[in-house]
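Engineer:
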Amino acid sequence: MKKSLALLSLVALVGCSEVQEIGEQEVDAREGESSVPLAADEAVEGGDLVMALSQEPDALDPTTARTRAGRMVFESMCEKLYDIDAEGEIIPMLATELPDYSEDETVLRIPLREDAVFSDGTPMDAEAVRTSLERHLEHPTSARSSDMGPIEEIRVVDDHEIEIELAEPFAPLVATLSDRAGMIMSPQALDELGDDFAQAPSCVGPFALVERVPQTRIDVVADPHYYGADEVHLDSITYVIMPDHNIRAANLRSRDVHLTDTVSPQEFDALVDDAAGEVNGLVLDSLGFQGLTLNIGNVDGTGQPPGEIDTVVAQEPAVREALSLAIDRDSLVDVVFNNWYVSACTPMSPISTFADERATDCPEHDPDRAMELLEDAGVDIPVEIDLTVRNDQDSLRYAQALQASVEDAGFEFTIRPMEWTALLDAQDRGDFDAILVGWGGMIDPHNNLHNYFSTGAGNNYSGLSDPEIDEYLDEAARTVDHDERVELYGQAVERAGELNNIIVTYRLSNLGAAHESIAGVWFSPDGILRVSGAAFVDTEAAEEEIDIDELDLGDD
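For the sequence shown, position 460 matches number 444 in my numbering, and the numbering has no gaps at all.
1) How long is the line joining the alpha carbons of Glu2 and Gly16, rounded to whole angstroms?
2) Which same chain residues, not among the five before or five after Val317, have their C-beta less than 7 Å away from its C-beta?
3) Ignore the nearest five residues each way along the sequence and tell me which others in Ile453's own chain have a CB closer than 6 Å to its CB.
4) Give the DSSP-derived three-state secondary structure of Val216 in the structure shown.
5) In whole angstroms, what is the alpha-carbon distance linking Asp245 and Asp67?
6) Give every residue of the same chain whose Cβ lies closer than 7 Å to the Cβ of Asp340, excluding the five residues on either side of it in the sequence, and list them in chain order.
7) Pick out whichever of Val297, Ala497 and Ile530 has its Cα sitting closest to the Cα of Asp364.
8) Let me check understanding here. Comparing Cα to Cα, which of Gln384, Leu448, Ser333 and Met332 lies closest to Phe321?
9) Answer with buried or exposed for Gln199, where buried requires no fewer than 16 other C-beta atoms within 10 angstroms of its C-beta.
10) His561 lies in the alpha helix (DSSP H); which residues open and close that run?
11) Going by C-alpha to C-alpha distance, which of Leu457, Lys64, Asp203 and Val319 sits closest to Ile168?
12) What's the C-alpha gap between Leu394 and Arg353?
13) What ranges does the alpha helix (DSSP H) occupy inside the region 252 to 312, keeping only unbroken runs of at least 4 residues that lie completely in it?
14) So the beta strand (DSSP E) Ile148 belongs to, where does it begin and stop?
15) From Val256 to Ser389, what distance separates their C-alpha atoms?
16) With distances taken Cα to Cα, identify the nearest neighbour of Ile427 among Asn443, Pro83, Leu268 and Ser162.
17) Identify every run of the alpha helix (DSSP H) within the region 365 to 392, keeping only runs that are complete inside it and at least 4 residues long; order them along the chain.
18) DSSP on Val188, reduced to helix/strand/coil?
19) Pick from Arg462, Ala49 and Asp522: whose alpha carbon is nearest that of Pro156?
20) Among the candidates Pro21, Asp25 and Asp32, whose CA atom is the shortest distance from the CA of Ala526?
21) Is Ser126 near the ligand ATP, in the sense that its beta carbon is under 6 Å from a heavy atom of that ligand?
22) On the three-state DSSP scale, how would you describe Leu82?
23) If you reduce the DSSP assignment to three classes, tell me which class Ile427 lands in.
24) Taking Pro95 as part of the beta strand (DSSP E), name the residues at either end of that continuous run.
25) Suppose you measure from the CA of Gly511 to the CA of Ser248; what does that come to, to the nearest Å?
26) So, helix, strand or coil for Leu457, using DSSP?
27) Can you say whether Ile94 is buried or exposed, counting buried as having 16 or more other CB atoms within 10 angstroms of its CB?
28) Buried or exposed for Val23, please, with buried defined as at least 16 other CB atoms from any protein chain shown within 10 angstroms of its CB.
29) Roughly how many angstroms lie between the CA atoms of Thr106 and Gly287, to the nearest whole one?
30) Per DSSP, what kind of secondary structure is Leu448 in: helix, strand or coil?
31) If you follow the beta strand (DSSP E) that Tyr490 is part of, which residue opens it and which one closes it?
32) Within a Cβ cutoff of 8 Å, which residues of the same chain sit near Asp412, ignoring the five residues on either side of it in sequence?
33) Using a Cβ-Cβ cut-off of 7 Å (strictly less than) and excluding sequence neighbours within five positions of Glu89, which residues of its own chain qualify?
34) Please state whether the Cβ-Cβ distance between Gly481 and Asn279 is less than 7 Å.
35) Where does the unbroken alpha helix (DSSP H) through Leu358 begin, and where does it stop?
36) Less than 7 Å between C-beta atoms, sequence neighbours within five positions excluded: which residues of the same chain meet that for Arg128?
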């Protein structure tokens, strides 16, 4: 495969990886463990865990939150009606059983725990569940409403049972209720705080918020109201915000933090191998996708009707096709990510149970054909594109390699680094030509495809509106037959490849790490590092005090 000298000069190539078979698909991947198990007799009771987050979470409000880092914090604070186990199966959490469906699949009855109490001391009941679900549906800035489907009414059956009535069957609903749409908030806190709920969130969970210092840390402590309090080992968790990969790794080596949600693929081997067994690496394949979101219609913000964008990328589908052909996906993954990530072309992960061969159908890298398409379209060459990118080492490294790799095909990128939360705001507003960002992925493909490609959906940052893809995705959500959904999602993936509003270029491997003094941490299949059941397995480490104020957080 041809690689440009400019691309190769950025980083040294690594050796070829083995091929790992997942389901019926073969994808390039490197193997690793996704958990550090905790034996019952190993746990040391107590201790203050320090976890490094690679991103600043946005608002800690389940209704409006969008970030992966926020989901990491919610894991310890806000339980959901349903959860996902290590095998990817949906299991009850605040609900006590999977829903009982009516014969026509339009009414779901959900029984609830009777011992759940919010962190403010008020009991969770069916009315509280209805209040939260209705807020997720109706709040004007909700990021959940498009996830929840055609809900017509939420009814209280009795103190500990609710009923959800749908206008039509909606297959993804239970999976949706295993994420933020299923998080239940204290009605008392909602009444007192309203839109300021994130300032003092109260949910049912093993831990409760004590303090948040923006850009610095989030402190949670074990909640005595929690129904499973006797199974919680830690006294507290402090999430420290450390955007710099090198600083996170250095703090982990020195045991100034105990674990981190993200390790750079450039750093992972050295961190795990050089720590002489003191650091356990955590690896899990991703259900999400990464790549270039191109603004083709987002003029008034996400969720608003699309408008006209006056750029050749937005106006000319052939230019977007040319850009996809210009990208040497395999070489970029090998060079930039040390072959820990996987090249990709579609938003459907091949490890999904809804994937078929179309999930890995990738156009060949063809810069000559890309140049022909640009010439046939009659556009000025080079095609100039502003590329907004998160201001961190890996994102910038990838953007620079991408910039170099597409020059010969007639494209010229101007890289615009941006702080993470500012990038998210710009993405929402449509204030970009192209943005290098992605999605961590969820179990049901509705949340990975519908939210990004359907007209008016909450994560449709490109402003796409296409009746054909809307029809495929809407029908897939209405269909409960698994094989029919596979076929419909396959058609949607094919259509997405024609539209190129999002040019998928790679798929992450979730890479985390934990010091050997910690066990009971694991990556769930949706890429969230679970720590609420963790414990120290070293008494000295559990008793050690870390001065958070003295940590190097990597601030400028």
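Using N, Cα and C, we set each Cβ at its ideal position, and we do this for glycine too.
Structural biologist: On the basis of the data shown:
1) Low confidence applies to Glu2: its pLDDT is 30, below 50, so where it sits in the model is not reliable, and the reading given next is rough at best. Each residue's alpha carbon lies about 12 Å from the other.
2) Excluding positions up to five away in sequence, the list reads Asn323, Tyr325, Val326, Ser327 and Tyr490.
3) Phe437, Ala476 and Arg479, listed in sequence order.
4) The answer is coil: DSSP assigns Val216 none of H, G, I, E or B.
5) Roughly 19 Å between the two C-alpha positions.
6) Correct list, in chain order: Val470 and Gly474.
7) Checked all of Val297, Ala497 and Ile530; the closest Cα to Asp364 is Val297.
8) The candidate whose alpha carbon is nearest that of Phe321 is Gln384.
9) Classification of Gln199: exposed, given that the 10 Å Cβ count is below 16.
10) Outside the shown range of the chain (-15 to 540) lies residue 561, about which nothing can therefore be said.
11) The residue with the shortest Cα to Cα distance from Ile168 is Lys64.
12) Contrary to the premise, residue 394 reads as Gly rather than Leu in this sequence. Their Cα atoms are separated by approximately 11 Å.
13) With a minimum length of 4 residues, the continuous alpha helix (DSSP H) runs that stay inside the region 252 to 312 are 252 to 258, 296 to 299 and 301 to 310.
14) Run containing Ile148: Glu145 to Leu150, per the beta strand (DSSP E) assignment.
15) Distance from the CA atom of Val256 to the CA atom of Ser389, rounded to whole angstroms, is 31 Å.
16) Closest by alpha carbon: Ser162.
17) Whole alpha helix (DSSP H) segments, 4+ residues: 377 to 389.
18) It is coil, neither helix nor strand.
19) Answer by Cα proximity: Arg462.
20) Distances from the alpha-carbon of Ala526 to those of Pro21, Asp25 and Asp32 put Asp32 closest.
21) What this structure holds is no ligand at all, so the ligand ATP is not there to describe.
22) Leu82 falls in the coil class under three-state DSSP.
23) Annotated three-state conformation of Ile427 is coil, per DSSP.
24) First-last of the beta strand (DSSP E) with Pro95: Val91 to Pro95.
25) When rounded, the distance between both Cα atoms is 15 Å.
26) Of the three classes helix, strand and coil, the one that applies to Leu457 here is helix, per DSSP.
27) Ile94 should be labelled buried.
28) Note on identity: in this sequence residue 23 is Ala, with Val being the wrong assignment. The residue in question, Ala23, is exposed, as its Cβ has fewer than 16 Cβ neighbours within 10 Å.
29) When rounded, the distance between both Cα atoms is 35 Å.
30) In the three-state scheme derived from DSSP, where H, G and I count as helix and E and B as strand, Leu448 is classed as coil.
31) In this chain, the beta strand (DSSP E) harbouring Tyr490 covers Ile486 to Arg491.
32) Taken in chain order, the residues that qualify are Gly285, Thr286 and Tyr445.
33) Pro153 and Val464.
34) At the C-beta level, Gly481 and Asn279 stay beyond 7 Å of one another.
35) Element bounds for Leu358: Pro351 to Ala361.
36) Answer for Arg128: Thr47, His120, Arg164 and Ala165, listed in chain order.
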